[in-house]
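Chemist: Reminder that position 169 of the sequence shown reads as 168 in numbering that gives the first Met the number 0, one-by-one numbering, no gaps. By construction, the Cβ of each residue, glycine as well, lies at the ideal position given by its N, Cα and C atoms. Given the structure is predicted, the values throughout are model-derived calculations rather than measurements.
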Amino acid sequence: MKKYFVLAVGVLLVAACSPEKQGPPFDVEFALEANEGRVPPILALTMGGNYVFDPEYPGEPSVVPDGLVEGEIIYGIIDTYQYVSQGVAAGFIDSAIYKRNSMFINEGTITDEWVDVIVTVAVGEDAEGNMVVFTEGENGSFDLDNPVTFKPATVEFQDNVFEVMEAIIPAGFEFYNGKDIERFEENASLMYLTDMGFESLQMYYQKLRFGTWEVNGQTFDVALVKESAPPYRKEPYTYFYVDMNGDGVFDIMEDGVEAYPVTEPFNIAGESWEITGMAMDGSQIKIEKSEVDVNPKVGLRPGTEAPLFEAETLSGEMISISELKGKYVMLDFWGTWCGPCIEALPKIKEAYDRYGGEQFEIVGIANELSLEKFQQFVEREEINWPQIAEIYEENDRIQEMYSVNSFPTYYLINPDGEIVEYGLALSDQNLMETLAKYLD
0 MKKYFVLAVG VLLVAACSPE KQGPPFDVEF ALEANEGRVP PILALTMGGN
50 YVFDPEYPGE PSVVPDGLVE GEIIYGIIDT YQYVSQGVAA GFIDSAIYKR
100 NSMFINEGTI TDEWVDVIVT VAVGEDAEGN MVVFTEGENG SFDLDNPVTF
150 KPATVEFQDN VFEVMEAIIP AGFEFYNGKD IERFEENASL MYLTDMGFES
200 LQMYYQKLRF GTWEVNGQTF DVALVKESAP PYRKEPYTYF YVDMNGDGVF
250 DIMEDGVEAY PVTEPFNIAG ESWEITGMAM DGSQIKIEKS EVDVNPKVGL
300 RPGTEAPLFE AETLSGEMIS ISELKGKYVM LDFWGTWCGP CIEALPKIKE
350 AYDRYGGEQF EIVGIANELS LEKFQQFVER EEINWPQIAE IYEENDRIQE
400 MYSVNSFPTY YLINPDGEIV EYGLALSDQN LMETLAKYLD
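1) Give, in chain order, every unbroken run of the alpha helix (DSSP H) that is at least 4 residues long and sits entirely within the stretch 329 to 357.
2) Only counting runs of 3 or more residues, tell me where the beta strand (DSSP E) segments fall wholly within the stretch 110 to 159, in order along the chain.
3) In three-state terms, what does DSSP make of R208?
4) What's the C-alpha gap between K20 and I274?
5) Give the DSSP bridge partners of W384, in chain order.
6) What are the start and end residues of the beta strand (DSSP E) that includes Q283?
7) Taking just the CA atoms, how far does G334 sit from K436?
8) Grouping DSSP H, G and I as helix and E and B as strand, with all else coil, what is S61?
9) Consult DSSP for K20 and reduce its assignment to one of helix, strand or coil.
10) So I180 packs on V114, CB below 8 Å; how close in whole Å?
11) Quick one: measure Cβ to Cβ for I390 and L370, integer angstroms, because I've assumed they're closer than 8 Å.
12) With a 10 Å radius around its C-beta and 16 neighbouring C-beta atoms as the bar for buried, classify F91 as buried or exposed.
13) Find out if the Cβ-Cβ distance for the pair I397, Y410 is shorter than 8 Å.
14) With the cut-off set at 8 Å, would you say N215 and E162 are in Cβ contact?
15) Give a yes or no on whether the C-beta atoms belonging to G75 and M202 are separated by under 8 Å.
16) Taking the C-alpha atoms as reference points, what is the distance between K296 and I251?
17) Would A147 pass as a contact of I73 if the rule is Cβ separation under 8 Å?
18) List, from N- to C-terminal side, the beta strand (DSSP E) runs of 3 residues or more that fit wholly inside the stretch 272 to 327.
19) Going by the CB atoms, is the gap between L313 and Q374 shorter than 8 Å?
20) Determine the DSSP secondary structure at F406, reduced to helix, strand or coil.
21) Report the three-state DSSP secondary structure of V221 (helix, strand or coil).
22) Checking the sheet assignment: what are the DSSP bridge partners for V241?
23) Would you call D505 buried or exposed, if buried means 16 or more other Cβ atoms sit within 10 Å of its Cβ?
24) Are the beta-carbon atoms of D427 and A365 separated by less than 8 Å?
25) Considering Cα atoms alone, identify which of L189, T262 and C340 is closest to P151.
26) Would you mind sorting N159 into buried or exposed? The rule is 16 or more other CB atoms within 10 Å of its CB.
27) Is the beta carbon of G210 closer than 8 Å to that of V362?
28) Out of A187, I318 and N49, state which residue places its alpha-carbon closest to the alpha-carbon of L457.
29) If we ignore side chains and look at the alpha-carbon of each, how far apart do S282 and E253 end up?
30) What's the call for R379, buried or exposed, on a 16-neighbour Cβ count within 10 Å?
31) Out of P306, R208, V248 and D246, which one is the CA nearest neighbour of M277?
32) Nearest to R300 by CA position, among G422, R353, G136 and A166, is which residue?
33) Going straight from the alpha carbon of R182 to that of F174, what length do you get?
34) Let me check one thing: in DSSP terms, what residues is N186 bridge-paired to?
35) Among D125, G58, T110 and P339, which residue has its Cα nearest to the Cα of S199?
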């Protein structure tokens, strides 16, 4: 279970690269650099979202530009935690929503004042048949003089190549630096899957924190990220990436061997380490030897044996991976507080209705605050596949076994007990196509 805290507060400045001090301890510096494909855009912000609250967008453009065929306005919330906090203060978000997310929020990084953390775009087809996007201008309305045209591109991730349409747009926003509200202007990539249209629209910022770490005679490219949040606002970074195989691309999946939560010890170059200090802006971290010995990570990738577990379901029955051998089993690590998890629920229901039975089973492992409220949610939503509740700060045994640090996380296990698919291949956009390969 990921636990968020501020390791050390640094001044907000962009550090230039300089030779790192040899350690341990190691002072590793990071500069904001163009991503250029090193970190896959899976860290993108889903535009439009599927929130567990009813959003409002005060001050944002609300009229579709003239001449846009089948145009629509789509809002992207850059910083959900700040948005929820100010929404509670403004009275249009229930305080219970904030409380459910409070475990992930460092209150020093948010304010009750209104911060413009919303990026608004208008998308559609122009008179010439081009797919275009209008962005918000300085006056708060759409900049009608500068539409940006989407162009074909490809994205590679987890051995898959996706055909997308991409537009590079100005995507400025405000952020709270712990003291004042600041404005940041930066370009971002706006893209959607060619075969799905604007419902798959996502945005990601093109600069991330990169550096190098020399340890025990080895030099690694490293990166520091905060999942889907842009790197410019004051918020603790959450993941430390190490390019273990030197291929120039970071494997960002938590179950791999290159992604490490900043709050947990890790084993690199034959020794156990931990991050003991971090500048709030991500310009520097301090790495020291850990008093806790940990083993090197083993990637849970296709072809590896699925870790075995036995646990009690909500219905009171015991379930185990070994007893499910002979079936394909999809593990769904999720939570009722997780927007993307709820968004995927209809597609998972469709998969269970079509394939559930002698050949296929789904097992949900839910990270929850309250067993009673989780039981009520499952009954209300008529979720019919087995559910295991792992209560926050009480039990996360199965999540630990499968290196789960973000939600949702998916695995597909074959009848022999081997992992055959994971991650994006089992997302709501790809789930039915992936299952059809094995079950049709």
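Modeler: Taking the coordinates as given:
1) 338 to 354
2) 117 to 124, 130 to 134 and 150 to 156
3) strand
4) Here K20 scores only 47 on pLDDT, less than 50, and its place in the model is too uncertain to base an answer on.
5) Looking at the DSSP assignment, W384 forms no beta bridge with any residue, so it has no partner.
6) Q283 to K288
7) Straight-line Cα distance between these residues: approximately 27 Å.
8) Three-state DSSP puts S61 in coil, outside helix and strand.
9) Low confidence applies here, because K20 scores a pLDDT of 47, under 50, leaving its location unreliable; read the following figure in that light. If DSSP states are grouped into helix, strand and coil, K20 belongs with the strands.
10) 5 Å
11) Contact flag correct, Cβ pair sits at about 6 Å.
12) F91 is exposed by the Cβ-count criterion.
13) In terms of Cβ geometry, I397 and Y410 do not form a close pair [threshold 8 Å].
14) Taking 8 Å as the Cβ cut-off, N215 and E162 do not qualify as a contacting pair.
15) yes
16) 13 Å
17) The amino acid at residue 147 is misidentified as Ala; the sequence shows Val. Not in contact: V147 and I73 (Cβ atoms no closer than 8 Å).
18) 283 to 288, 309 to 311 and 317 to 319
19) Their beta carbons are under 8 Å apart, which means Q374 touches L313 by this criterion.
20) coil
21) strand
22) V221
23) A question about residue 505 goes unanswered here, because the residues of the chain that appear run from 0 up to 439.
24) no
25) L189
26) The residue in question, N159, is exposed, as its Cβ has fewer than 16 Cβ neighbours within 10 Å.
27) no
28) This structure gives no information on residue 457, because the portion of the chain shown stretches from 0 to 439.
29) 23 Å
30) exposed
31) R208
32) G422
33) 6 Å
34) P169
35) P339
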